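Enquirer: Residue numbers (my numbering): 3 to 155.
Idealized CB from N, CA, C, for every residue including glycine.
These figures come from a predicted structure and were not determined experimentally.
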Amino acid sequence: MAKMTVYHGGYMPVERPEIRIGRNTKDFGNGFYCTVIKEQAQRWAKRYDNKIVSIYDVRLNTNLHIKEFKEMTDEWLDFIIDCRSGKKHSYDIVIGAMANDQIYNYVSDYMDGGITREQFWILAKFKYPTHQINFCTKEALKCLEYRGCEEVL
Numbered sequence: 003m004a005k006m007t008v009y010h011g012g013y014m015p016v017e018r019p020e021i022r023i024g025r026n027t028k029d030f031g032n033g034f035y036c037t038v039i040k041e042q043a044q045r046w047a048k049r050y051d052n053k054i055v056s057i058y059d060v061r062l063n064t065n066l067h068i069k070e071f072k073e074m075t076d077e078w079l080d081f082i083i084d085c086r087s088g089k090k091h092s093y094d095i096v097i098g099a100m101a102n103d104q105i106y107n108y109v110s111d112y113m114d115g116g117i118t119r120e121q122f123w124i125l126a127k128f129k130y131p132t133h134q135i136n137f138c139t140k141e142a143l144k145c146l147e148y149r150g151c152e153e154v155l
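1) Under the DSSP definition of a beta bridge, which residues are partnered with L146?
2) Which two residues bound the contiguous alpha helix (DSSP H) that contains C85?
3) Start and end of the alpha helix (DSSP H) containing I162?
4) In this structure, what does DSSP give as the bridge partners for Q134?
5) What does the Cβ neighbour count give for I124, buried or exposed, with the cut at 16 atoms within 10 Å?
6) Over what stretch of residues does the alpha helix (DSSP H) that includes E41 continue unbroken?
7) Might you give, ordered along the chain, the residues of its own chain that have their beta carbon closer than 6 Å to the beta carbon of Y108, omitting 5 neighbours on each side?
8) Less than 8 Å between the C-beta atoms of M14 and I54, yes or no?
9) Does the beta-carbon of S92 have 16 or more other beta-carbons within 10 angstroms, so that it is buried, or is it exposed?
10) Using DSSP's beta-bridge definition, name the partner residues of F30.
11) For C85, I'd like the list of residues in its chain whose CB is within less than 8 Å of its CB, leaving aside the five on either flank, ordered along the chain.
12) Quick check on A4: buried or exposed, where buried means 16 or more other Cβ atoms within 10 Å of its Cβ?
13) Is it right to say Q134 is buried, meaning 16 or more other beta carbons lie within 10 angstroms of its own, or is it exposed?
14) Nearest-angstrom Cα distance between E147 and F81?
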């Protein structure tokens, strides 16, 4: 598989990524999140006082269990709802669009029964593209090779 560059926005350089176990608020479950969109990683970093984007080369291991959502579909929405509800999955890597803060509000409204699935899709049109790749297992983290970092101004 071809090599690609991914970015992780945070408050410090992350030379050795690790799986982060947290609350059930992540689109694709626990893991280490990156993106191929540098500007998106910069937006992630801007949430902190120290704004750092770590840069990695990635060559995906095709022997891993990889789920890729090529577009926002009902399957993508259901997967995010499951993950944000605490349901576990068996994938090593999950790739797809991100439910940003505005989209997540619509997800919450849908989960709470405030809007229908059809209303969700009408509201869910992105203003700009998003992308995330979640490295969910230690084996998946081996695909990442740290290349350096940049400070976001």
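Expert: Based on what the coordinates show:
1) Answer by DSSP bridge pairing, in chain order: V60.
2) Unbroken alpha helix (DSSP H) run through C85: D76 to R86.
3) Only positions 3 to 155 of the chain appear in this structure, which leaves residue 162 out of reach.
4) BP columns for Q134 point to G98.
5) Flag for I124 reads exposed.
6) Following the DSSP letters along the chain, one finds E41 inside the alpha helix (DSSP H) bounded by residues K40 to A47.
7) Around Y108: F122, L125 and A126.
8) Taking 8 Å as the Cβ cut-off, M14 and I54 qualify as a contacting pair.
9) So S92 counts as exposed.
10) F30 is not bridged to any residue.
11) Take C85, set aside five residues on each side of it, and the residues of its chain with a beta-carbon closer than 8 Å to its own are N26, K28, D29, F30, G31 and H91, in chain order.
12) It is exposed - the Cβ of A4 has fewer than 16 other Cβ atoms within 10 Å.
13) The residue is buried, with at least 16 neighbouring Cβ atoms inside 10 Å.
14) Their Cα atoms are separated by approximately 28 Å.
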